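J.: Following full-length UniProt numbering, the numbering of the sequence shown begins with 1 at its first residue and continues without gaps.
Don't be surprised by glycine CBs; every beta carbon is placed ideally from N, CA and C.
Predicted, not measured: the structure shown is a model, and the values here were computed from it.
Dropping the structure in here first, questions after.
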Amino acid sequence: MSRWFATCPKGMEYLLRDELVQLGATEVREALAGVHFEGPLATAYRACLWSRLASRILLPLVEFDAATDEALYAGVQAIDWSTHLAAHATLAVDAHTALSKLTHSQFIAQRVKDAVVDQFRQQGGTRPGVDTDEPDVRLNLRLKRDRATLSLDLAGSPLHRRGWREVQGEAPLKENLAAAMLLRARWPEVYVQGGALLDPMCGSGTLLVEGALMAADVAPGWRRDYYGFLGWQQHDLALWRSLLDEARQRAETGLKALRPCFFGSDADPRMVQTAKRNAQGAGVAGFLVLEKRDVAHVEPPAGVERGLVITNPPYGERLGERAQMPALYHALGERLRTQFPGWRAAVLAGDAELGRALGLHAEKKYALYNGALETQLLTFEIRARDEAPREPKPLSAGAQMLKNRLEKNLKHLRKRLVREGIACWRAYDQDLPEYAAAIDVYAKDGGEPWLHVQEYRAPAEVPAETARIRLRETARVAGEVFAVPRERIAIKTRERGKGGSKYGQFDQRGEFVEVDEGGLKFLVNLTDYLDTGLFLDHRLVRARLRELAANKRFLNLFAYTATASVYAAAGGAKDTTSVDLSATYLDWASRNLALNGFTGAKHRLMQADAMAFLRQDRAHYGLIYVDPPTFSNSKRAEDFDVQRDHAALLDACGERLANDGVIVFSNNFRRFKLDEAALAERFDIEDWSAASIPFDFARRADIHGCWLLRPKRAPAAANPWDASRIKR
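Here is the structure:
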């Protein structure tokens with residue numbers, strides 16, 4: 001068994017994880033822009049051949065520290081390259097660097113190549129050549145925080161290059177992004193149910209070709225004639241040929257049974273011809289009907305009653321200026337509404353504004369990246385024309401009371417929210433005992449809000465069905481009061497996970513929403529975890545950190561998504577260091593910092609246990625923020641209990657605190673008691689708990705505690721020449 005890493009565009013990680021499991025991978029674990037997995041060589045070959053979503057399949061060879069040119073060269077030379085590469089072969093190196101002392105990717109790639117070539121030259125004189133297009137072996141070097149991972153690239157070239165595309169348009173859609181769109185839109189399910197696939201702005205035909213190959217069970221890599229493992233010394237030719245034979249048999253069987261149910265059109269006749277040539281190259285031209293037609297005149301094909309309309313409209317660069325795009329999206333939405341009742345639809349919108357221009361309520365929204373551009377995939381169920389809108393049932397007496405209370409809260413808070421520019425806040429917190437929930441609002445720039453409903457666990461005496469009804473009523477009432485559609489409401493039952501952890505995972509959508517707070521931007525995830533990535537009750541704590549951070553080095557322990565570090569950086573901190581044990585949260589933290597323009601060596605992200613970091617670190621900080629969990633029993637660190645261990649933690653922080661520094665300590669354990677007796681000898685302590693609770697959390701004045709700790713100043717030494725002290 002070997003360990004592998006499949007790369008993919010951001011937003012596809014969970015889809016790729018599920019795909020790799022279906023291909024036989026084990027120990028599958030998603031990461032940012034990729035998925036770790038294990039399996040024999042056959043699994044990696046199968047991923048290269050069958051993955052519709054992956055960009056590359058990497059075999060990690062070695063990890064090592066590479067803070068200097070010399071360390072990088074030595075780490076590469078430590079590998080016996082004769083086991084991977086013949087002396088007469090060719091190689092290429094891709095290098096990527098982030099948050100490291102070595103910052104020039106081309107220089108890094110050159111040094112990796114030099115280390116490999118020099119080893120061959122030293123051993124026998126013959127050295128490999130360089131081929132940047134189709135080398136026998138392609139290496140991938142990723143350097144992050146001075147830690148290098150060197151891998152062999154089995155794909156050799158990006159796997160989205162299927163081998164069938166002969167020509168492309170001005171803004172081509174990558175094949176793996178097209179596959180992700182089709183999977184999110186449930187195309188395989190639609191096809192099995194007898195539906196058709198229609199793209200009214202088909203461009204070069206990528207969605208239609210990918211949809212046909214998917215329905216026909218054709219391996220996406222079947223037509224490729226180049227892979228990065230073909231010149232690898234450990235390539236198993238017999239195994240690869242057997243997998244190709246299997247793929248060929250499945251393709252022949254699938255194409256024989258494929259229904260001719262693929263329809264495309266485009267206003268540009270040149271694109272129609274391009275799509276036809278690409279379909280011919282993919283071997284599916286006979287199953288597609290392609291024609292010139294404007295989107296305003298698109299309609300279902302004759303005799304086709306249901307299916308999936310899927311498209312990637314322009315965002316303003318390909319067919320016209322940005323100002324013209326809302327009208328185009330509106331025309332598409334109108335056509336879908338009037339001409340395609342009973343169909344499913346999926347539209348990849350350039351941004352939320354263009355998505356709203358469709359005029360349709362999305363069933364779901366997914367963040368997908370088209371190159372570097374973050375886009376929204378919107379999916380819809382289009383209601384039949386003769387289906388009258390359902391009249392909502394009258395609210396129960398309890399639900400009406402809840403609605404009255406929520407409207408009262410909104411009226412009471414609205415003016416202050418507007419005056420203070422607050423976009424993320426708590427609207428309701430168990431105000432009525434029967435509706436034991438918290439309702440939080442998340443928004444950006446005054447845009448349409450998202451609602452996050454957390455239902456506290458119902459008492460044992462409340463029947464489960466009653467609790468479910470109340471939860472549905474809470475979501476309905478919240479949607480009505482805030483005029484928010486159901487798809488913008490996330491609902492969770494707040495229960496602690498095993499070991500007391502409050503960070504249990506709920507879903508695996510990987511959907512992030514950008515919101516505003518304090519003039520800064522943050523990414524929240526409303527569906528996948530209990531907490532969203534932004535603790536709303538700490539809004540004033542973060543603001544205080546911004547005030548205290550000017551010209552200070554800032555340390556953020558238990559950093560989570562580093563919202564506090566963003567505030568400190570915005571307040572003029574000299575630098576920030578964010579420490580957390582979770583790689584997932586550190587990736588999230590990195591995105592939050594970058595979203596606000598805080599990147600580079602001044603903003604460190606450290607994956608470490610907080611206590612271990614404090615023991616090893618030798619820097620001193622002017623401001624330290626400590627917001628630990630109530631309990632933690634991670635396998636990678638010692639067990640932590642905030643009541644038991646906080647004094648030792650704060651004492652360790654004191655060792656790293658500058659003489660004029662401040663520790664801001666907070667936690668959400670409501671029965672917490674600060675051990676002032678143990679801390680008073682070293683610190684002057686200010687209890688800032690009451691002042692740190694925002695006005696929208698007034699009902700939960702004990703939701704967290706907050707203290708400011710400053711080093712005690714040594715008393716001034718007595719002046720031996722003080723006349724009052726001289727005995728006469």
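(1) Mind the definition here: the region 28-44 touches the region 71-83 only if three or more C-beta pairs lie below 8 Å; say whether that holds.
(2) Among the candidates C424, E638 and K552, whose CA atom is the shortest distance from the CA of A658?
(3) Alpha carbon to alpha carbon, how far is G504 from T493?
(4) Which two residues bound the contiguous alpha helix (DSSP H) that contains I108?
(5) Label Q454 either buried or exposed according to how many other C-beta atoms from any shown protein chain fall within 10 Å of its C-beta, with 16 as the threshold for buried.
(6) Measure the beta-carbon distance from H84 to W232 and round it to whole angstroms, keeping in mind my assumption that it falls under 8 Å.
(7) In the DSSP assignment, what are the bridge partners of A367?
(8) Of the residues A443, R591, E461 and L593, which one's Cα is nearest the Cα of I489?
(9) Which whole runs of the beta strand (DSSP E) in the region 212-251 are 3 residues long or more, in chain order?
(10) Which residues in the same chain have their Cβ closer than 7 Å to the Cβ of P449, if we skip the five residues on either side of it in sequence?
(11) If you measure from the CB of A612, is any heavy atom of the ligand MN nearer than 8 Å?
(12) Relative to the alpha-carbon of N667, which residue among S689, A648, G661 and R121 has its alpha-carbon at the smallest distance?
(13) I believe L150 touches V116 by the beta-carbon criterion, under 8 Å. Please report the beta-carbon distance rounded to the nearest angstrom.
(14) Starting from the C-beta of I685, find all residues in its chain whose C-beta is less than 7 Å away, skip the five residues before and the five after it, and write them out in chain order.
(15) Tell me, which residues are paired with F683 by DSSP?
(16) Starting from T311, trace the beta strand (DSSP E) in both directions and tell me its first and last residue.
(17) If you draw a straight line from the C-alpha of A698 to the C-alpha of G572, how long is it?
(18) Give the straight-line distance between the Cα atoms of G281 and L406, rounded to the nearest whole angstrom.
(19) Please report the straight-line C-alpha distance between H330 and Q110, rounded to a whole angstrom.
(20) What three-state label does DSSP hand Y14 in the structure shown?
(21) Specify, as a first and last residue, the run of the alpha helix (DSSP H) that V190 falls within.
(22) With a floor of 4 residues, list each alpha helix (DSSP H) that falls wholly inside the region 122-187, ordered by position along the chain.
(23) Would a C-beta distance cut-off of 9 Å place A6 and L58 closer than the cut-off?
(24) Mind checking which residues open and close the alpha helix (DSSP H) that includes N592?
(25) Looking at the unbroken beta strand (DSSP E) that takes in G622, where does it start and where does it end?
(26) Take A71 as the anchor and find which of Q106, C8 and A148 has the nearest alpha-carbon.
(27) Where do the ends of the beta strand (DSSP E) carrying N659 lie?
(28) So, are the CB atoms of M611 and A652 less than 9 Å apart?
(29) Could you tell me how far apart the beta carbons of D516 and A427 are, in whole angstroms, since I believe they sit closer than 8 Å?
(30) According to DSSP, simplified to helix, strand and coil, what is R3?
(31) Give the DSSP-derived three-state secondary structure of I79 in the structure shown.
(32) In angstroms with no decimal places, state the Cα-to-Cα distance between G320 and P326.
T.: Result, derived from the coordinates:
(1) Touching, no.
(2) For this step, residue 658 is matched to residue 658 along the sequence shown. Looking only at C424, E638 and K552, the smallest Cα-Cα distance to A658 is reached by K552.
(3) On the sequence shown, residue 504 is found 504 positions in, with the first residue counted as 1. On the sequence shown, residue 493 is found 493 positions in, with the first residue counted as 1. Legend: pLDDT at G504 = 41, less than 50; position of this residue unreliable, no value from coordinates given.
(4) Locating residue 108 in the sequence shown gives position 108, counting from the first residue. Following the DSSP letters along the chain, one finds I108 inside the alpha helix (DSSP H) bounded by residues S105 to G124.
(5) Locating residue 454 in the sequence shown gives position 454, where the first residue counts as 1. Buried, since its Cβ has 16 or more Cβ neighbours within 10 Å.
(6) Mapped onto the sequence shown, residue 84 falls at position 84. Mapped onto the sequence shown, residue 232 falls at position 232. Cβ-Cβ separation between H84 and W232: approximately 6 Å, consistent with a contact (criterion under 8 Å).
(7) As a working note, residue 367 is residue 367 in the sequence shown. The partner list for A367 (beta bridge, DSSP) reads Q376.
(8) The residue labelled residue 489 in the question sits at position 489 within the sequence shown. Checked all of A443, R591, E461 and L593; the closest Cα to I489 is A443.
(9) Entirely contained in the region 212-251, not one beta strand (DSSP E) run reaches 3 residues.
(10) The sequence position of residue 449 within the sequence shown is 449, counting from 1. Closer than 7 Å at Cβ, skipping near neighbours: V441, Y442, A443, F482 and V484.
(11) Questions concerning the ligand MN fall outside what the structure shown contains, since it holds no ligand whatsoever.
(12) Position 667 of the sequence shown, counted from the start, is the residue given in the question as residue 667. Considering only S689, A648, G661 and R121, the residue with the shortest C-alpha distance to N667 is S689.
(13) Here residue 150 is taken as the residue at index 150 of the sequence shown, counted from 1. Here residue 116 is taken as the residue at index 116 of the sequence shown, counted from 1. So it is not a contact: roughly 10 Å between Cβ atoms.
(14) Within the sequence shown, numbered from 1, the residue matching residue 685 stands at position 685. These residues qualify, in order along the chain: E676, L679, W707 and L709.
(15) Mapped onto the sequence shown, residue 683 falls at position 683. Listed as beta-bridge partners of F683 by DSSP are P711.
(16) As a working mapping, residue 311 is identified with position 311 in the sequence shown. Boundaries of the beta strand (DSSP E) around T311: G307 to T311.
(17) Along the sequence shown, one-based indexing puts residue 698 at 698. Along the sequence shown, one-based indexing puts residue 572 at 572. Those two C-alpha atoms are separated by around 30 Å.
(18) Taking the first residue of the sequence shown as position 1, residue 281 is located at position 281. Taking the first residue of the sequence shown as position 1, residue 406 is located at position 406. So the alpha carbons of these two residues sit roughly 59 Å apart.
(19) Residue mapping note: residue 330 aligns to position 330 of the sequence shown, counting from 1. Residue mapping note: residue 110 aligns to position 110 of the sequence shown, counting from 1. When rounded, the distance between both Cα atoms is 50 Å.
(20) Within the sequence shown, the letter at position 14 stands for residue 14. DSSP places Y14 in helix when its eight states are reduced to three.
(21) Position 190 of the sequence shown holds residue 190. Element bounds for V190: W187 to V192.
(22) Within the region 122-187, the complete alpha helix (DSSP H) runs of at least 4 residues are 175-184.
(23) As a working note, residue 6 is residue 6 in the sequence shown. As a working note, residue 58 is residue 58 in the sequence shown. Between A6 and L58, the CB-CB gap stays under 9 Å.
(24) Looking up residue 592 in the sequence shown gives position 592. Note, N592: alpha helix (DSSP H), A583 to L595.
(25) If you number the sequence shown from 1, residue 622 lands on position 622. Boundaries of the beta strand (DSSP E) around G622: Y621 to V626.
(26) Here the question's residue 71 lines up with position 71 in the sequence shown. Of the candidates Q106, C8 and A148, the residue whose Cα lies closest to the Cα of A71 is A148.
(27) On the sequence shown, position 659 is the one that residue 659 refers to. That run of the beta strand (DSSP E) goes L657 to N667.
(28) Translated into the one-based positions of the sequence shown, residue 611 becomes position 611. Translated into the one-based positions of the sequence shown, residue 652 becomes position 652. A contact, by the Cβ cut-off of 9 Å.
(29) Counting from one through the sequence shown, the residue named residue 516 turns up at place 516. Counting from one through the sequence shown, the residue named residue 427 turns up at place 427. In fact, because the Cβ distance is near 17 Å, the residues do not count as touching under 8 Å.
(30) As a first step, residue 3 is located in the sequence shown; it is residue number 3 there, counting from the start. Three-state DSSP puts R3 in a strand.
(31) Taking the first residue of the sequence shown as 1, we reach residue 79 at position 79. DSSP places I79 in coil when its eight states are reduced to three.
(32) Start at 1 with the first residue of the sequence shown, and residue 320 comes out as number 320. Start at 1 with the first residue of the sequence shown, and residue 326 comes out as number 326. Bear in mind that the predicted position of G320 carries a pLDDT of just 46, short of 50, making it unreliable; the figure below should be weighed with that in mind. So the alpha carbons of these two residues sit roughly 11 Å apart.
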